[in-house]
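S.K.: Residue numbers (the UniProt record's numbering): 1 to 388. Quick reminder that beta carbons are idealized off the backbone N, C-alpha and C, glycines included. Supplied in structure tokens, the structure appears directly below.
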Amino acid sequence: MGERTRRRRRLWRGAGIAAVLVGAVFTLRGRLPEPAEVFTTLAAADPRWLLTAAAAQFVSLAMFARQQRRLLTGFGVTIPRHRAFALAYSRSAIAISLPAGSAVSAAYAFREFRADGADKAAATAVMVLSGLLSAAGLALLYVTGMLTGAATALARSWDVHPGLVLAGLVPAATLAAAAAPALASRLRAPARPARQRRWRSHGLLGGVLDTVRDALTESRTVRPRHWLLALAAAVGNWLTDLLCLLAASRAVGIELGVATLATIYLTVQLLRQVPLTPGGIGVIEAALFAGLVSAGAADSPATAAVLTYRLLSCWLIIPIGVLGWLVLRATRRSDVVDRPLLDEPDGPVVAGTRLPQHRFAVGPRSDVGEQQPADARPRGEFPGLPSG
């Protein structure tokens, strides 16, 4: 990457941060309450809801740990529960506290996966697939919200004009029935390698697409139940984070409906995907406050709810992540890290895989799982890879 490209990226990033700050000032101007009012609201908060919010955030990080641990188990790698949990907290702390935190967190996870006995192909695949499953879990929440809204609107329309509803549903059902066989045959059709090869060697985007494709290729040997359990953990990660926001709002007396809070939460998650600031600091707080106030919450309770939620989901995770990092260092398997592995550069060439050794990979936002099942393959056993 040339100096001009780096300078242009820094310029765009600075412009984006400036735009966010201007928007936040414009949105919050004259709306933020006095600190004394916020402290009074927090002092009167319901402790039962506060404990619920803290427990929900704890479960959210546990689901993230479970997601990673389940994927590793699918590749035949066993990671102890305490290391999985410590890795979840330390990864989240890195992602929310450093510039380009997601990339740094992914590289850190790669090293820890290797320390637990995963070869480079498995470590890279788990790193990529964990991010994809987190995105899929969030997408499922969006789809569920859209379907719920559509069903609610449909029910209201049925009460008013049932004939018009039937007139719209019959053609839609007919089209779906006609398209289902073609879609099923398309999914069963084998992939065409020629079309896949054109992704290669086309800059950074081509490298990322290559990494994702190779990870998906390696994941074909993972049993379906591992996929389902990992996806369920990803959905649980997002749902319990939403529950933390809901409980924080209830604790300070905000009585907005669950659907309204879920809409605000999902909208904020869209903004969170733009990495303007580490962990979305400043962006998420302003967006949450604006959403709660727009939905009808008073200024002081809205500020208290945002502070409570961000304290539990962001700021407290950083010191806990430092403790997790210390746990990982103390329990690292030095025999695996120090000895040369079969897939090191000075070892034999690995056949059947094109997973890169030093390529950028995506990472998730933020498991406490069960023991490795009996049907999991021995460690390091992949198609085309030497056993060992």
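Excluding the five sequence neighbours on either side, which residues of its own chain have a C-beta within less than 7 Å of the C-beta of G253, listed in chain order?
M.R.: Against the sequence shown, residue 253 aligns to sequence position 253. Excluding sequence neighbours, G253 sits near P301.
S.K.: Given 8 Å as the limit, is there contact between the region 87-102 and the region 45-54, that is, 3 or more CB pairs closer than that?
M.R.: The answer is no - the region 45-54 does not touch the region 87-102, with fewer than three Cβ pairs under 8 Å.
S.K.: Report the rounded CA-to-CA distance for S102 versus D116, giving the unit in angstroms.
M.R.: Start at 1 with the first residue of the sequence shown, and residue 102 comes out as number 102. Start at 1 with the first residue of the sequence shown, and residue 116 comes out as number 116. Their backbone Cα atoms lie some 21 Å apart in a straight line.
S.K.: When burial is assigned at 16 or more other CB atoms within 10 Å of the CB, is R310 buried or exposed?
M.R.: Here residue 310 refers to the residue found at position 310 of the sequence shown. Burial call: buried.
S.K.: Spell out a yes or no on whether the region 122-141 and the region 237-244 are touching, meaning 3 or more CB-CB pairs, one atom from each, closer than 8 Å.
M.R.: The region 122-141 is in contact with the region 237-244.
S.K.: So L256 is in the alpha helix (DSSP H); what residue range does that whole segment cover?
M.R.: On the sequence shown, residue 256 is found 256 positions in, with the first residue counted as 1. Looking at the DSSP string, L256 is not in any alpha helix (DSSP H), and its letter there is neither H nor E.
S.K.: Check this for me: beta carbons of A304 and L42, under 9 Å apart or not?
M.R.: Numbered from 1 along the sequence shown, position 304 holds the residue referred to as residue 304. Numbered from 1 along the sequence shown, position 42 holds the residue referred to as residue 42. Closer than 9 Å, so yes.
S.K.: Is it buried or exposed for G324, if we count other Cβ within 10 angstroms and need 16 for buried?
M.R.: One-based indexing of the sequence shown puts residue 324 at position 324. Flag for G324 reads buried.
S.K.: What are the boundary residues of the alpha helix (DSSP H) that F75 is part of?
M.R.: Taking the sequence shown and counting its residues from 1, the one referred to as residue 75 is at position 75. Premise fails: F75 is in no alpha helix (DSSP H) and is neither H nor E.
S.K.: Quick check on V222: does DSSP put it in helix, strand or coil?
M.R.: As a working mapping, residue 222 is identified with position 222 in the sequence shown. V222: coil per DSSP, three-state reduction.
S.K.: Okay, do the region 214-230 and the region 70-88 touch, 3+ Cβ pairs below 8 Å being the bar?
M.R.: Because the criterion of three Cβ pairs below 8 Å is met, the region 214-230 and the region 70-88 touch.
S.K.: So what does DSSP say about E34, is it helix, strand or coil?
M.R.: As a first step, residue 34 is located in the sequence shown; it is residue number 34 there, counting from the start. Residue state, collapsed to three classes: coil.
S.K.: I believe A123 touches F110 by the beta-carbon criterion, under 8 Å. Please report the beta-carbon distance rounded to the nearest angstrom.
M.R.: Position 123 of the sequence shown, counting from 1, holds the residue named residue 123. Position 110 of the sequence shown, counting from 1, holds the residue named residue 110. Confirmed, Cβ separation roughly 5 Å.
S.K.: To which residues of the same chain is D335 closer than 6 Å at the C-beta, ignoring the five residues directly before and after it?
M.R.: Along the sequence shown, one-based indexing puts residue 335 at 335. For D335, the pLDDT reaches just 49, beneath the cut-off of 50, and the residue's location in the model is therefore unreliable, leaving the point undetermined.
S.K.: Where W83 and V306 are concerned, what is the direct C-alpha to C-alpha distance, given to the nearest angstrom?
M.R.: Numbered from its first residue, the sequence shown carries residue 83 at position 83. Numbered from its first residue, the sequence shown carries residue 306 at position 306. The sequence given here has Arg at residue 83, not Trp. Distance between the alpha carbons of R83 and V306: 31 Å.
S.K.: With DSSP as the reference, label T277 as helix, strand or coil.
M.R.: Your numbering for residue 277 matches position 277 in the sequence shown. Coil.
S.K.: Identify whether A100 lies in helix, strand or coil by the three-state DSSP scheme.
M.R.: Here residue 100 is taken as the residue at index 100 of the sequence shown, counted from 1. Reduced to three states, the DSSP call for A100 is coil.
S.K.: Can you tell which of E285, V212, D46 has its C-alpha closest to the C-alpha of R250?
M.R.: Along the sequence shown, one-based indexing puts residue 250 at 250. Per the Cα distances, D46.
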